[in-house]
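Trainee:
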Amino acid sequence: MDIDLFNQMGAEFKRRFEGKPINKILTIEASGIGIACIAATYFHVPVVFAKKSQSINIDSDVYVAEVESFTHKRKNQVIVSKKFLNEGDHVLIIDDFLANGCALQGLLSIVAQAGGTVEGIGIAVEKGFQQGGRIIRNLGYQLESLAIVDSMDAANGTIQFRKQ
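Counting along the sequence shown from 1, when you hit position 121 you're at 151 in the numbering used here, and nothing is skipped either side.
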């Protein structure tokens, strides 16, 4: 992991969500955790991460949402213990990639189940050629992607980024 890059990302998320009353950052295991933790140092708030499976160290009092993984082509239940997310929380969701938006919709559902408010969503890389970003923005959320890929060509190895 490139911690210097994560630091720059955390500072940029802080700039983009300045003034929002954020008291928790929510992400999903595993690759979003590093970015979320560094971002949390800028907001001075704890990080909560959704697990993709029930484990023995999580009690049965949980919020659950079913999400389809675009990357792994399977459905997962994402789980957050109720002791970590509460009514009245003001949540910033952070994740590494946004493709079809299913993982984000699961996290949005979990915050809603908890009675919290999503103050914004920060994404490292959005796949702009897929529908996730459009779906989430159409739901009315402030979605901030640090980079948006408009196209990728595997044959010649090129990536086209959106001007922001």
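C-beta atoms are modelled at their ideal positions from N, C-alpha and C, and glycine is treated no differently.
(1) Taking Cβ to Cβ, would you say residue 108 is nearer than 7 Å to residue 58?
(2) How many Å lie between residue 40 and residue 31 at the Cα?
(3) Measure from the alpha carbon of residue 131 to the alpha carbon of each residue in 162, 189 and 34, then state which is nearest.
(4) Just to confirm before moving on: does the CB-CB distance between residue 167 and residue 178 stay below 7 Å?
(5) Which word fits residue 103, buried or exposed, when buried means at least 16 other C-beta atoms lie within 10 angstroms of its C-beta?
(6) Count the other CB atoms, across all protein chains shown, that sit within 10 Å of the CB of residue 175; report buried if there are 16 or more and exposed otherwise.
(7) Does the beta-carbon distance from residue 154 to residue 126 come in below 7 Å?
(8) Under three-state DSSP, which class holds residue 52?
(9) Which two residues bound the contiguous alpha helix (DSSP H) that contains residue 137?
(10) Check residue 150 in the structure and name its three-state DSSP category.
(11) Out of curiosity, what's the CA-to-CA distance linking residue 194 and residue 55?
(12) How far does the beta strand (DSSP E) with residue 80 in it extend, from its first residue to its last?
(13) Here's a check: name, in chain order, each residue in its chain whose Cβ is nearer than 7 Å to the Cβ of residue 53, leaving out the five neighbours to either side.
(14) Whole-angstrom Cβ separation of residue 152 and residue 189, contact assumed at under 8 Å?
(15) Where does residue 105 fall in DSSP's three states?
(16) Tell me which same chain residues have a C-beta within less than 7 Å of the C-beta of residue 65, skipping the five on either side of it?
Mentor: The structure says:
(1) The residue given as residue 108 occupies position 78 in the sequence shown. The residue given as residue 58 occupies position 28 in the sequence shown. Between residue 108 and residue 58, the C-beta spacing is below 7 Å.
(2) Indexing the sequence shown from 1 puts residue 40 at position 10. Indexing the sequence shown from 1 puts residue 31 at position 1. In this model, residue 40 and residue 31 are separated by some 14 Å (Cα to Cα).
(3) Here residue 131 refers to the residue found at position 101 when the sequence shown is read from its first residue. Ranking the options by Cα distance to residue 131, first place goes to 162.
(4) If you number the sequence shown from 1, residue 167 lands on position 137. If you number the sequence shown from 1, residue 178 lands on position 148. Not in contact: residue 167 and residue 178 (Cβ atoms no closer than 7 Å).
(5) For the purposes of this step, residue 103 is identified with residue 73 of the sequence shown, where counting begins at 1. The C-beta of residue 103 has fewer than 16 other C-beta atoms within 10 Å across all chains shown, which makes the residue exposed.
(6) Within the sequence shown, the letter at position 145 stands for residue 175. Residue 175 comes out buried.
(7) Sequence index remark: in the sequence shown, residue 154 carries index 124 (1-based). Sequence index remark: in the sequence shown, residue 126 carries index 96 (1-based). Yes, Cβ-Cβ distance for residue 154 and residue 126 is below 7 Å.
(8) Counting from 1 along the sequence shown, the entry for residue 52 is found at position 22. Three-state result, residue 52: coil.
(9) As a working note, residue 137 is residue 107 in the sequence shown. Start and end: 132-144.
(10) By one-based count along the sequence shown, residue 150 stands at place 120. Looking at residue 150 - three-state DSSP - the assignment turns out to be strand.
(11) The residue labelled residue 194 in the question sits at position 164 within the sequence shown. The residue labelled residue 55 in the question sits at position 25 within the sequence shown. Each residue's Cα considered, the two are about 24 Å apart.
(12) To locate residue 80, count along the sequence shown from 1; it is residue 50. Per DSSP, residue 80 belongs to the beta strand (DSSP E) from 77-80.
(13) Walking along the sequence shown from the start, residue 53 turns up at place 23. Non-local beta-carbon contacts of residue 53 in its own chain, meaning distances under 7 Å to residues more than five positions away in sequence, involve 75, 119 and 120 in chain order.
(14) Working through the sequence shown from its first residue, we reach residue 152 at position 122. Working through the sequence shown from its first residue, we reach residue 189 at position 159. Actually they do not touch by this definition, with Cβ atoms about 21 Å apart.
(15) Here residue 105 corresponds to residue number 75 of the sequence shown, with the count starting at 1. Residue state, collapsed to three classes: strand.
(16) For the purposes of this step, residue 65 is taken as residue 35 along the sequence shown, with counting starting at 1. 36, 39, 124, 126 and 154.
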